[in-house]
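Enquirer: Mapped onto this note's numbering, the consecutive letters of the sequence shown carry residue numbers 62 to 203.
A virtual CB, placed ideally from N, CA and C, is assigned to each residue, including glycine.
So that we are looking at the same thing, I have put the structure below in structure tokens.
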Amino acid sequence: MSPATIESKEPRTQPKLACRLRKKMQGRTASSPTAGEFELENLSTEPFEIEFDMSVLQYANLVVTASSGATVSTGHYGDIFSPMANAQKLRLNSGATFVGPISLFATVPAEKRLPGRYSVQAIFEYHGTRIISDPLIIDLPQ
Numbered sequence: 062m063s064p065a066t067i068e069s070k071e072p073r074t075q076p077k078l079a080c081r082l083r084k085k086m087q088g089r090t091a092s093s094p095t096a097g098e099f100e101l102e103n104l105s106t107e108p109f110e111i112e113f114d115m116s117v118l119q120y121a122n123l124v125v126t127a128s129s130g131a132t133v134s135t136g137h138y139g140d141i142f143s144p145m146a147n148a149q150k151l152r153l154n155s156g157a158t159f160v161g162p163i164s165l166f167a168t169v170p171a172e173k174r175l176p177g178r179y180s181v182q183a184i185f186e187y188h189g190t191r192i193i194s195d196p197l198i199i200d201l202p203q
């Protein structure tokens, strides 16, 4: 998988972060076609810190597109989390990754979860940096 696309207001010589989506392969939810994992990787030589008060994934969103090209997702993925008592920081050293479970159809209303092929992309936005994953293809069975 190639590194994610970086869009930022600051000029960069190399991407600072990459985000990726993949199907969950292990664990009790691995059999669900909508069970996934979100990966965030620090590609720079410097540590990268993310302050959060709900979850690191509060900065993530999922865009789900049907094979027709219509976007079927609504809302923002990060809205599913509740605030914690205290803010925390995630420190990713150079080359380090954060991996967390993600429900690939969490932003798709139940009535739009029809059998078929879908493309899912993660968008991670934090302090002016916007990272977009490569699309992940999901097949929802009958």
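Looking at C-alpha atoms only, which residue of Pro-202, Val-181, Ile-192 is the closest neighbour of Thr-132?
Expert: As a first step, residue 132 is located in the sequence shown; it is residue number 71 there, counting from the start. Among Pro-202, Val-181, Ile-192, the Cα nearest to that of Thr-132 is on Val-181.
Enquirer: For Arg-178, which option in Ser-194, Phe-159, Ile-199 has the closest C-alpha, if you only look at C-alpha atoms?
Expert: Here the question's residue 178 lines up with position 117 in the sequence shown. Residue Ile-199 holds the alpha-carbon nearest to the alpha-carbon of Arg-178 among Ser-194, Phe-159, Ile-199.
Enquirer: Can you list, in chain order, the residues of its chain whose CB lies under 8 Å from that of Gly-136, leaving out five sequence neighbours each side?
Expert: In the sequence shown, counting from the first residue as 1, residue 136 sits at position 75. Listed in chain order, the non-local C-beta contacts of Gly-136 below 8 Å within the same chain comprise Thr-168, local neighbours out to five positions each way being set aside.
Enquirer: Report yes if the CB atom of Glu-102 is closer than 7 Å to the CB atom of Ala-79, and no otherwise.
Expert: Here residue 102 corresponds to residue number 41 of the sequence shown, with the count starting at 1. Here residue 79 corresponds to residue number 18 of the sequence shown, with the count starting at 1. The criterion of a C-beta distance shorter than 7 Å is satisfied by Glu-102 and Ala-79.
Enquirer: Rank Pro-176, Gly-156, Leu-123 by C-alpha distance to the C-alpha of Ile-163 and give the top, closest one.
Expert: Here residue 163 is taken as the residue at index 102 of the sequence shown, counted from 1. The residue with the shortest Cα to Cα distance from Ile-163 is Leu-123.
Enquirer: Asp-200 bridges to which residues according to DSSP?
Expert: In the sequence shown, counting from the first residue as 1, residue 200 sits at position 139. Bridge partners of Asp-200: Arg-178.
Enquirer: Does the beta-carbon of Val-160 have 16 or more other beta-carbons within 10 angstroms, so that it is buried, or is it exposed?
Expert: Taking the sequence shown and counting its residues from 1, one reaches residue 160 at position 99. Flag for Val-160 reads exposed.
Enquirer: Glu-100 and Thr-158 look like a contact to me (Cβ under 8 Å); what is the Cβ gap, rounded to whole Å?
Expert: Translated into positions along the sequence shown, residue 100 becomes position 39. Translated into positions along the sequence shown, residue 158 becomes position 97. Yes, they are in contact, since the Cβ atoms of Glu-100 and Thr-158 sit about 6 Å apart, within 8 Å.
Enquirer: May I have the straight-line CA-CA distance separating Gln-119 from Thr-106, to the nearest angstrom?
Expert: Taking the sequence shown and counting its residues from 1, one reaches residue 119 at position 58. Taking the sequence shown and counting its residues from 1, one reaches residue 106 at position 45. Going by the C-alpha atoms only, they are around 25 Å apart.
Enquirer: Measure from the alpha carbon of Lys-259 to the alpha carbon of each residue in Lys-173, Ser-116, Phe-166, then state which is nearest.
Expert: Past the edges of the chain, shown from 62 to 203, lies residue 259, and the structure says nothing about it.
Enquirer: Could you give the distance in angstroms between the alpha-carbon of Lys-77 and the alpha-carbon of Ala-121?
Expert: Numbered from 1 along the sequence shown, position 16 holds the residue referred to as residue 77. Numbered from 1 along the sequence shown, position 60 holds the residue referred to as residue 121. Spanning the two alpha carbons is a distance of roughly 16 Å.
Enquirer: Using DSSP with H/G/I as helix, E/B as strand and the rest coil, what is Val-117?
Expert: Here residue 117 refers to the residue found at position 56 when the sequence shown is read from its first residue. Helix, per DSSP.
Enquirer: I think Asp-114 touches Met-86, with their Cβ atoms under 8 Å apart; what is that distance to the nearest whole Å?
Expert: Working through the sequence shown from its first residue, we reach residue 114 at position 53. Working through the sequence shown from its first residue, we reach residue 86 at position 25. Their Cβ separation, rounded to whole angstroms, is 30 Å, which puts Asp-114 and Met-86 out of contact at 8 Å.
Enquirer: Which of the three DSSP states, helix, strand or coil, is assigned to Gly-139?
Expert: As a working note, residue 139 is residue 78 in the sequence shown. Per DSSP, reduced to three states, the secondary structure at Gly-139 is helical.
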